[in-house]
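Chemist: Handing you a structure now.
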Amino acid sequence: MAIKRKTAIENTNSSKKLQTLEYYESREDDHDRDREDVTIPSFPGLVIDQILQHLPTTLAVSVSIFSKQWKGVWSSVPVLDFDEGEPYDNDEKLENLRRKKFIKFLRGCLKFREKDKCLDKFRLRMRYRGKSRNIEKWLGFAIERSVKVLEISLPRKPKFKYYCLSKTILNAKSITTLNLESLRITDDSTSHPISLPSVKTLSLKTVHFGRRAFSNLISRCPSIECLTLISCNFAILNGTVKVSFCSLESF
């Protein structure tokens, strides 16, 4: 059973009228929870900031509902973490409903944060259904704000191809940590100039590469120190992957 709550999130850095964000929870055992039942302890401002940086954005926004001290703090936290959650395998109708709410919430948050000038971290985890335009727009939001840590996980449904990583990501000079999961990087996407000069940590899980894509990618990460490969697929003729970097400390 999905529960819908609407709240105005106060932006402490702006006198502009605040936008209303919709947030949702899908756990059935939450249906009888009232605001009066929730007690959030008081913390120093810096502690609240650190806590919110480690929470999914959905939870960070919802916490702001129940405490005046926490209200609006999330809007100044330089971290956006969007996770669609695990699928409802046996209930497609409920799955589609939750997805619509997730996307609406995500769009609302990005609209609310559009004046942000920088982001420390942006994480997007959702099931890919063959439409890349919105995903590229959301990732572009992070790149435009010089994101440092970018995490993308896009597991697909069986009938769809893996999401193809855009050239925009492959030319993001601000990224220091890049974690990619369940997507593909084609020869075409790496045939154009690639520049990831600041990447020090690169984690690749269930990533499908074209024949030259991996070598093209890795050769454009001159500062790389830590490389992780898990269950990746390499479309190469001899079946051998070679990695050699003076800066590489962990592989």
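Numbering (the numbering used here), first residue to last: -10 to 240. The beta-carbon is built from N, C-alpha and C at its ideal position, and this holds for glycine as well. Quick caveat: nothing in here was measured; it's all calculated off a predicted structure.
Assign ASN79 to one of three DSSP states: helix, strand, or coil.
Modeler: Taking the sequence shown and counting its residues from 1, one reaches residue 79 at position 90. Coil, per DSSP.
Chemist: With distances taken from CA atoms, which of THR217, ARG116, ARG200 is nearest GLN151?
Modeler: Here residue 151 refers to the residue found at position 162 when the sequence shown is read from its first residue. Per the sequence presented here, residue 151 reads as Tyr, with Gln not at that position. When only C-alpha atoms are compared, the closest one is ARG116.
Chemist: Look up THR138 in the DSSP assignment and give the residues it is bridged to.
Modeler: Position 149 of the sequence shown, counting from 1, holds the residue named residue 138. Correcting the residue identity first, residue 138 is Val in this sequence and not Thr. VAL138 pairs with LYS110, THR166.
Chemist: Let's test the definition: count the other Cβ atoms within 10 Å of the Cβ of PHE203 and tell me whether it reaches 16, buried, or not, exposed.
Modeler: By one-based count along the sequence shown, residue 203 stands at place 214. Buried.
Chemist: Go ahead and pull the three-state DSSP assignment for ASP105.
Modeler: Taking the first residue of the sequence shown as position 1, residue 105 is located at position 116. In the structure shown, ASP105 sits in coil (DSSP, three-state: anything other than H, G, I, E or B).
Chemist: Note down, in chain order, each residue of its chain lying with its Cβ closer than 6 Å to the Cβ of ILE219, except the 5 sequence neighbours on either side.
Modeler: One-based indexing of the sequence shown puts residue 219 at position 230. Cβ within range, chain order: LYS194.
Chemist: Going by DSSP in three states, SER178 sits in which element: helix, strand or coil?
Modeler: For this step, residue 178 is matched to residue 189 along the sequence shown. Helix, per DSSP.
Chemist: Based on the DSSP output, what are the partners of LEU218 in its beta bridges?
Modeler: As a working note, residue 218 is residue 229 in the sequence shown. LEU218 is bridged to LEU193.
Chemist: Which same chain residues, not among the five before or five after PHE149, have their C-beta less than 8 Å away from its C-beta?
Modeler: Along the sequence shown, one-based indexing puts residue 149 at 160. TYR117, ARG118, GLY119.
Chemist: Throw me the rounded Cβ distance for the SER155 and LEU128 pair, which I believe falls under 8 Å.
Modeler: Here the question's residue 155 lines up with position 166 in the sequence shown. Here the question's residue 128 lines up with position 139 in the sequence shown. Contact flag correct, Cβ pair sits at about 7 Å.
Chemist: Classify GLU73 as buried or exposed, calling it buried when 16 or more other Cβ atoms lie within 10 Å of its own Cβ.
Modeler: Translated into positions along the sequence shown, residue 73 becomes position 84. Buried: at least 16 other Cβ atoms inside 10 Å.
Chemist: Within 10 Å of its beta-carbon, does ASP177 have 16 or more other beta-carbons around it, so buried, or fewer, so exposed?
Modeler: Here the question's residue 177 lines up with position 188 in the sequence shown. Exposed, by the Cβ-count rule.
Chemist: By the three-class DSSP mapping on this structure, what secondary structure does LEU154 have?
Modeler: For the purposes of this step, residue 154 is taken as the residue at position 165 of the sequence shown. Coil.
Chemist: Is the Cβ-Cβ distance between LEU143 and LEU167 less than 8 Å?
Modeler: Walking along the sequence shown from the start, residue 143 turns up at place 154. Walking along the sequence shown from the start, residue 167 turns up at place 178. For LEU143 and LEU167, no; Cβs fall outside 8 Å.
Chemist: Which of the three DSSP states is assigned to PHE130 in this structure?
Modeler: Here residue 130 refers to the residue found at position 141 when the sequence shown is read from its first residue. Correct three-state label for PHE130: helix.
Chemist: What are the partner residues of PHE198, as DSSP defines its beta bridges?
Modeler: Along the sequence shown, read from residue 1 onward, the residue named residue 198 stands at position 209. PHE198 is bridged to ILE174, PHE223.
Chemist: Are the beta-carbon atoms of VAL71 and LEU108 separated by less than 8 Å?
Modeler: Position 82 of the sequence shown holds residue 71. Position 119 of the sequence shown holds residue 108. One point to set straight first is that residue 71 is Phe, not Val, in the sequence displayed. It is not a contact, given that the beta carbons lie outside the stated cut-off.
Chemist: For the putative contact between VAL196 and CYS210, defined by C-beta atoms under 8 Å, what is the C-beta separation to the nearest angstrom?
Modeler: The residue you call residue 196 lines up with position 207 of the sequence shown. The residue you call residue 210 lines up with position 221 of the sequence shown. With 8 Å as the limit, VAL196 and CYS210 do not qualify as a contact, their Cβ atoms being about 14 Å apart.
Chemist: Exposed or buried, which one is ARG200 when buried takes at least 16 other CB atoms within 10 Å?
Modeler: Within the sequence shown, residue 200 is the residue found at index 211, counting from 1. When all chains shown are included, ARG200 counts as exposed.
Chemist: Would you please state the rounded distance, in angstroms, between the beta carbons of SER64 and PHE101? I believe it to be under 8 Å.
Modeler: Counting from one through the sequence shown, the residue named residue 64 turns up at place 75. Counting from one through the sequence shown, the residue named residue 101 turns up at place 112. Correct: roughly 7 Å between the Cβ atoms.
Chemist: Can you grab the Cα-Cα spacing for the pair PHE91 / ASN85, in whole Å?
Modeler: Stepping through the sequence shown from its first residue, residue 91 is reached at position 102. Stepping through the sequence shown from its first residue, residue 85 is reached at position 96. About 10 Å.
Chemist: Please name the residue, chosen from ALA224, ARG87, ASP80, that lies closest to THR47 on a Cα-to-Cα basis.
Modeler: Here residue 47 refers to the residue found at position 58 of the sequence shown. Closest by alpha carbon: ARG87.
Chemist: Do you know how far the Cα of LEU99 is from the Cα of ILE213?
Modeler: By one-based count along the sequence shown, residue 213 stands at place 224. By one-based count along the sequence shown, residue 99 stands at place 110. Cα to Cα, the separation comes out at about 30 Å.
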